[in-house]
Amino acid sequence: MPIEIVLDVQGMTCASCVNRIERYLRRTDGVLDANINLATERATVHIDAQLTGRRELIRAVEAAGYDVRPEIEGVRDGAQGVLGTEAAAPDRDAERAAEQRQLGIQAAVALGVAFGIMALMAVGERIGLSMEAVNRLALIPATFIQVWAGGRFVRAAVRAARHRTVTMDTLVAIGTTAAWGYSVVVTLWPEVMHQAGLMPAAYFDSSTIIIGLILAGRWLEARARSSTVGAVRALMALQAPTAHRVDDLDGSVREVEIPVEQVRPADLLRIRAGETIPVDGVLVDGASSVDESMLTGESMPVTRVVGDPVIGATRNGTGTFVMRATRVGGDTVLAQIVRMVESAQGSKAPIARLADTISARFVPVVLALAALTFGVWFAVGPEPATTHALVAAISVLIIACPCAMGLATPTAIMVGTGRAAESGILIRGGAALEGAGGIDTLMFDKTGTLTLGRPEVITLEVMPGMSGDDLIGLAAAVESGSDHPLAAAVVAAASARGLVAPRSSAFESVAGHGVTATVGESVVLVGSARYLREQGVDIRGMSDGAARIAAAAQTAIFVARDGQAVGVLGLADPVRPGAAEAVSMLGSRGIEVWLLSGDSQPVVEAVARAVGITHVLAEVLPADKQARIAALQDAGRRVAMVGDGINDAPALAQADLGVAIGTGADVAIEASDVTLVGGDPRLVVGAIDVARGTMRVIRQNLFWAFAYNVLLIPVAMGVLYPFTGITLDPVLAAAAMALSSISVVGNSLRLRRLRTVSWSSGTVA
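In terms of our numbering, the sequence shown opens at residue 84 and continues consecutively.
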């Protein structure tokens, strides 16, 4: 089985860095795929463990010129979940917070020095200082900024050069060093400038303010990027830090509060009123209502009694109970959800390939354009030609940062998938987002998807002298001895009405037909019309009621007492709340909805009428569902399939987008691209809304990232100068470059305010 290894990479600054690391990793023997996310600074690598391992991947990253943070490496595979640990995540956050503080300090000092130099240049002549004197006063602070704050760019550029590559840091290092170095020559040897007939103009203000603006941009960018990981942090914060373990020592019971990490499967845990359930488990004593909305999307608390499962991170109500832990650590539902969201946020959409392709060649092209710009200005530019040539070349180097291209896709995916997770929608990655955004046809499975997947008593038809409660109670007394799903539905209906079914005896069952038992002093039969007729019961008086039940596509169960028919029950799999609303909302978004089911035509048509679907395919075998979807795809449709993720696995895999209706214990369905936690079909609409919104933001980001470079690089080269006399100052170039990255991240963060269907309530949030 392929193994997934996640490495935290240091030193990436732009899309060209991402492209280079991916190339080196993919060249490594045994690497099946590699994906680098600039926003999360993570490399997700799928490998054949028999051919390579973590050490070889680290060497590949280092060969590309970058480092790996060894203390937070994690390993995953498809079967076991996280094999490593996320315990070092706080260390990573602290390290990044320290780096962010350093960026802020260096940016503030650099900008302060730059403004001081600019002020000195503005008032120098007024206070009797010559230009040479001003340059000498600016030399030391400008050199300090160049070494202390600008040294990070030079070091990164030198390291890249040792690996025979160039990055954004190369552009910044060359540009700022050229401005500073030229200024040093002007300051220390002004006579050289005078002999050449040039004014000894220095650019210390430009070199320092460029460094300050770029660092300020990175600081703002880092702050914005840290906001994009809020969904995962919010999910992880749901977990209870401690648990109350119940120990039985030599016959005496005691409770011990322990860290949740020490809980083991089969441990008994006491959950008090209002507490957060620490891990997944099953009730063994007591009962309570549990608020599961934070994970499953159930808007109302659900009752849990002995034998019922409970999910970690959900909140207990007013009762107290004892549970047995069944899944802990990386096996819990919460851990599965966190892994899915992390995996999605670290993924890459196919649309990002365009940015990758361009960035691979971008920096060398920019260096060539800068050299060309210097040469042309030096040869034919106005005097002082050297100064104009230097300024134009520096502007080209600074303006052409490819950071915005590298951030355009991953930041939008991180925010979009996080927003979806907050709404109970787990999206596997960028490819699923892109696929969901283009869907025009959606197929619903019926059982367990549009319906609850369990029969319920819907209709009661009773004979004169018999009440509905009497009929239900009589049938439940007999059916309590059966384990058939329809029998369980009858017993549940009696319980829901608060009825206490009388005791029965002499229970007999005829498989597939009905059951007989003695209730009190009466012999009661419950079963099909054929079964009652075979037992000599005349059911003609129930024909009208049975016809109404049949017309509603319900299953009829007849009840007779002492040879006389007393009523008939209509059972059906009820439609999920919100199913009709989901179909209506999908239609309003231009999506054609189909119902695809293996059930009989009348049953499927009844459900279709109830939810408002006109395109119906009934009596379709599981293998044929896949063929029906393929036929629509061959006709040019982009098809999504919504099913339970188990019997519908072939159809989910065939569809352009597989959507699984999940439950609290079923959130990691491998055949699907999207899982709806809690099972509300209205969340399908939310998934499509998030996907379309995210893809819209990605296209906006890519457009502005490309347009920024296409428009401003020629301006920096000076194409407007012959017509308007306008050139682009390096300071303005630095400000524009920083703002381009910030604007991309800021645009992505707008997705956090995306209005979409939220949880099982169907509300818009």
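Every residue, glycine too, gets a C-beta built ideally from N, C-alpha and C.
Chain-order list of residues whose beta-carbon lies under 7 Å from that of residue i (same chain, five-residue window excluded)
i, result
"ILE712", "MET526, VAL722, MET724, ALA734, GLN737, ALA738"
"VAL694", "LEU533, VAL658, ALA662, ALA663, VAL666"
"ALA349", "ARG407, ALA408"
"ARG580", "ASP552, ILE555"
"THR111", "THR135, GLU139, LEU140, ALA143"
"MET204", "VAL217, ASP288"
CA nearest to the CA of residue i, picked from the options
i, options, result
"THR403", "TRP677, ARG353, SER680, ASP717", "ARG353"
"GLY548", "GLN647, ASP682, ASP363", "GLN647"
"SER371", "ASP363, VAL393, VAL343", "VAL393"
"VAL89", "ILE119, ARG106, ASN102, THR96", "ILE119"
"LEU740", "ILE510, VAL798, ALA483", "ILE510"
"ALA514", "PRO657, ILE257, MET778", "MET778"
"LEU455", "GLY650, LEU480, VAL602", "LEU480"
"ALA495", "VAL385, ILE781, GLN93, CYS100", "ILE781"
"GLY673", "ASP553, PRO568, ALA635, GLY520", "GLY520"
"TYR614", "GLY597, ILE622, VAL607", "GLY597"
"LEU669", "ASP363, ALA559, VAL767", "VAL767"
"ALA468", "ALA743, LEU115, GLY801, ALA636", "GLY801"
"ASP627", "ALA655, LEU298, GLU688, MET546", "MET546"
"ASN792", "SER824, HIS471, ARG765, GLU208", "SER824"
"ASP131", "VAL114, LEU140, LEU785, ALA451", "VAL114"
"LEU450", "ASP330, VAL249, ALA819, SER611", "VAL249"
"LEU652", "PRO660, ARG631, ASP374", "ARG631"
Spatial neighbours of residue i in its chain, beta-carbon cut-off 6 Å, leaving aside the 5 residues before and after
i, result
"PHE287", "ILE200, ALA221, ALA225, SER266"
"ARG109", "ALA117"
"ILE257", "LEU480"
"THR259", "GLY233, SER290, ILE293, ILE294"
Cutoff 8 Å; reference residue i; Cβ partners in own chain excluding five residues on either side
i, result
"THR325", "GLU340, ILE341, PRO342, VAL343, PRO361"
"SER563", "ALA570, VAL574, ALA584, SER587"
"GLU591", "VAL598, THR599, ALA600"
"ASP363", "PRO392, VAL393, ILE394, GLY395, ALA408, THR409, ARG410, VAL411, ASP414, THR415, VAL416, ALA748"
"ASN784", "ALA487, LEU490, ALA491, THR492, THR494, ALA495, VAL827, ASN830, SER831"
Residue i burial status per 10 Å Cβ neighbour count (16 or more: buried)
i, result
"ALA816", "buried"
"GLU505", "buried"
"ALA210", "This sequence places Ile at residue 210; Ala is not what is there. The residue in question, ILE210, is exposed, as its Cβ has fewer than 16 Cβ neighbours within 10 Å."
"PRO465", "exposed"
"GLU517", "buried"
"TRP677", "buried"
"LEU794", "exposed"
"PRO538", "buried"
"SER578", "exposed"
"GLY603", "exposed"
"VAL540", "buried"
For residue j and residue i, the rounded distance between their alpha carbons
i, j, result
"VAL247", "VAL241", "Looking at the sequence provided, one finds Arg at residue 247 rather than Val. Their backbone Cα atoms lie some 10 Å apart in a straight line."
"THR239", "THR270", "Inspection of the sequence shows that residue 239 is occupied by Ala rather than by Thr. The straight-line gap from Cα to Cα measures roughly 28 Å."
"ILE622", "ARG644", "12 Å"
"GLY300", "LEU822", "7 Å"
"ARG103", "HIS698", "49 Å"
"ALA770", "ALA503", "7 Å"
"LEU351", "LEU715", "52 Å"
"VAL206", "VAL773", "55 Å"
"PHE445", "ALA453", "12 Å"
"GLY719", "SER680", "22 Å"
"ALA356", "GLN419", "26 Å"
"MET369", "ARG387", "According to the sequence shown, residue 369 is Gly rather than Met. Approximately 9 Å, taken between the alpha carbons."
"ILE640", "VAL389", "30 Å"
"GLN93", "GLU182", "11 Å"
"SER683", "HIS567", "20 Å"
"LEU803", "HIS129", "49 Å"
"ALA633", "SER605", "29 Å"
N-terminal and C-terminal residue of the beta strand (DSSP E) that residue i is part of
i, result
"SER592", "587-593"
"VAL66", "The chain is shown from 84 up to 848; residue 66 falls before or after that span and cannot be answered."
"ARG91", "Here residue 91 turns out to be Asp, not Arg, going by the sequence shown. Looking at the DSSP string, the run of the beta strand (DSSP E) that includes ASP91 is 86-93."
"SER372", "371-374"
"GLU675", "675-679"
"VAL545", "539-545"
"LEU654", "647-655"
"HIS698", "698-700"
Limits of the unbroken alpha helix (DSSP H) element including residue i
i, result
"ILE555", "551-562"
"PRO342", "No alpha helix (DSSP H) contains PRO342, which is instead part of the beta strand (DSSP E) from 335-342."
"ARG242", "234-245"
"VAL269", "251-271"
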